[in-house]
Amino acid sequence: MEMVRRIYSLTIPEEFLLKISENIYKFIEASKILEYDFVEDNVPEE
Amino acid sequence: MVDLAKTSIRGIHREVRSLRIKPTKIIEECLRRIHRLNDALRIFIHLSEEAIKHAEYLEKELEEGKCRSELHGLPIAVKDAFYTYDMPTTGGSIILKDYKPPKDAEVVRKLRDAGAIIIGKTNMHEFAFGVTNKNPHYGVTRNPWSIDRISGGSSGGSAVAVSVGVCIGGLGTDTAGSIRIPSALCGVVGYKPSNGLLSLDGVIPLSHSLDTVGPIVKTVDDVSITLNIMTGKVLTSQERVSEYEDRELRLGLPRKLIEEWVSDEVEEVFWRSIGKITSRSNCRIVDIEIEWFKTISDARYIIVLSESAAFHLKWLRNRWSEYDPDVRDRILGGLFITAPVYIQAQMIRKSLKRKFLKMMKNLDAVILPTVPIEAPRVEDEELIVKNKKIGVRRALLFLTECFNSLGTPAITIPCGLTKGNLPVGLQIATKPYEDTQLLEIAERFEGVLGRLPEPPIIR
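What follows is the structure, encoded as structure tokens:
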């Protein structure tokens, strides 16, 4: 988290950012968007 | 004196052109009404100090026989996300409270060139990142149909301004439903054009790949007039030969989604409207299933968070405490989305657009309610819909957001009032860049459904 604060030059408290990052990672996990199947895109249309 | 809440652009234009009604009188009447209502409804953040002067100038042009367009001498309210050279542009924030843009946004300039008078800058959800218009800095924009309820947002001020007749039209932005949601809840017509149709130059961005701008007005014909002016093209005209005159319209209807997620109050009005449309116009309902509804919503959220974080980084560094905490927390979330996740979300968007186009091959339009619930009360955070708990924000944008990701045009037209006397909007969407066809269909349905009365606060 210290690295994130440094890269973005943030002054926001670390524990606050931790809470936000946790929520986002939970959202990404629950959304399953990383498991999306693109197979159908490669099926030629009739 | 004419009441702008009861007329349309074409209706009042005839009177203004012939100087039976003078632009100065219209502006004076609007300012009187604004002063009566603004404290209660929180419609405007700034009012133009030049509006009367502009009206005098445009009136003189009419006396000399010059009429620029149907909007000549008519007042337009502009969401405070658009640059205006003569008024600050706050984006509904404190961070930009003193920001004076060097120029007008391109669409604002086109409206002014066409003779429109920018009467003021309207209240909005901070930085357009929200759909309730509960703004901690400029007040909660309230619904003119019931003052203890929200207008919806983020273009809430513009929708209320049109609804109570303090302008003939408003400008809004729409990234997930911000034009259509408040328009539906306030009983007016709101139009989100195809992505890219209208210029975003001079508009504070929320999410550059999803943002659109568009009009909030009283009738579908008013949409056509303002759209023609803002695009600089004749997309629609009264002389145009109808594409659908002699053939049956095929309307896709996501029945299962509506039955599962739309409140009983809204469903009742919606099905009644569908009954009227099918019995009085040549169309056929085709049940469709949009099984990817949640996926496109999740992808959109990832995209908005990432793109808004990139834009706001300069203020997140040192001015983070000046944001509405709710807005700030979501923007900050974008800093933790990695590039592969963002790219995956954009690829999903593309993939689902392909699926949508495939589904639309045998359809002319998709039709559904604009918002699944009545305008929520100001204090509501969660609601129960069909025995399911749902957050107000999620409920409000549930049926609008997918059309931003797909890039299609979408319109909301009023379709009736619930038993609680609150407006319900009917949403229609077509394929991307079929804006002309969409307006034609919407005008046909508007003819069947009729107009709503004025909201009780001005009766």
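Protein sequence lines correspond, in order, to chains D and H. The opening residue of the first sequence carries number 1 in this note's numbering; numbering runs sequentially from there. The opening residue of the second sequence carries number 1001 in this note's numbering; numbering runs sequentially from there. Yeah, the Cβ is synthetic: ideal placement off N, Cα and C, and Gly gets one too.
Rounded to the nearest angstrom, the Cβ distance from K1079(H) to T1122(H) is 5 Å, consistent with a contact under 8 Å. Per DSSP, reduced to three states, the secondary structure at V39(D) is helical. With a minimum length of 3 residues, the unbroken runs of beta strand (DSSP E) contained wholly in the stretch 1158-1197 of chain H fall at 1169-1174 and 1189-1192. Looking at the DSSP output, G1115(H) shares a beta bridge with no other residue. The alpha-carbon separation between P1254(H) and D1287(H) amounts to approximately 6 Å.
In terms of beta-carbon proximity, S1351(H) lines the interface with chain D, with at least one pair separated by less than 7 Å. Under DSSP, H1046(H) shares a beta bridge with K1121(H). Contact holds between the stretch 13-33 of chain D and the stretch 1290-1306 of chain H, because three or more Cβ pairs, one in each stretch, are under 8 Å apart. Put simply, of E1381(H), G1420(H), P1372(H) and R1377(H) the residue whose alpha carbon is nearest the alpha carbon of T1412(H) is P1372(H). Judged by DSSP in its simplified three-state form, D1329(H) adopts helix. The stretch 1361-1423 of chain H contains, as complete beta strand (DSSP E) runs of 3+ residues, the segments 1365-1369, 1382-1385, 1388-1391 and 1410-1417 (chain order).
Minimum Cα-Cα distance from G1447(H) among the listed residues S1281(H), L1257(H) and I1428(H) corresponds to S1281(H). Residue pairing from DSSP leaves K1353(H) without any beta-bridge partner.
The stretch 1002-1017 of chain H and the stretch 1050-1057 of chain H do not touch, with fewer than 3 CB-CB distances between them shorter than 8 Å.
Remark: C-beta atoms of G1169(H) and L1004(H) do not approach each other more closely than 7 Å.
Following the DSSP letters along the chain, one finds S1146(H) inside the beta strand (DSSP E) bounded by residues S1146 to I1150. Bounds of the alpha helix (DSSP H) holding P1023(H) are P1023 to L1041.
Sequence-ordered contacts of the stretch 1313-1341 of chain H with chain D read L1313, L1316, R1317, N1318, W1320, D1329, L1332, G1333, L1335, F1336, I1337 and V1341 [C-beta pairs closer than 7 Å].
About 6 Å separates the CB atoms of I1179(H) and I1216(H); that is less than 8 Å, so the two are in contact.
Interface with chain H (7 Å Cβ-Cβ cutoff): I33(D) is included.
Scanning chain D for C-beta atoms nearer than 9 Å to the C-beta of A1299(H) yields S31, I33 and Y36, reported in chain order.
Look at the beta carbons and you see the stretch 1127-1147 of chain H not touching the stretch 1105-1114 of chain H: under three pairs across the two are nearer than 8 Å. Collapsing the DSSP output to three states places F1082(H) in a strand. With respect to chain H, the C-beta atom of I7(D) has no partner C-beta closer than 7 Å. Chain-ordered, the chain H residues with CB closer than 7 Å to the CB of L10(D) read L1316 and R1317. Going by DSSP, V1304(H) is part of the alpha helix (DSSP H) stretching over F1293 to N1318.
Against chain D, the beta carbon of A1345(H) has neighbours under 8 Å at I33, listed in chain order. Looking at the DSSP output, L1227(H) shares a beta bridge with no other residue. Per DSSP, R1247(H) is not a residue of any alpha helix (DSSP H), being assigned neither H nor E.
Per DSSP, V1220(H) has no beta-bridge partner at all. If you check the CB distance, V1220(H) and L1368(H) do not come in under 7 Å. The shortest CA-to-CA distance from A1442(H) to any of E1434(H), P1409(H), I1095(H) and I1428(H) is the one to I1428(H). DSSP places D1287(H) in the uninterrupted beta strand (DSSP E) bounded by C1283 to D1287.
Residue range E14 to S31 is occupied by the alpha helix (DSSP H) that includes S31(D). The C-beta separation of T1141(H) from G1120(H) comes to about 13 Å, leaving the pair out of contact by the 8 Å criterion.
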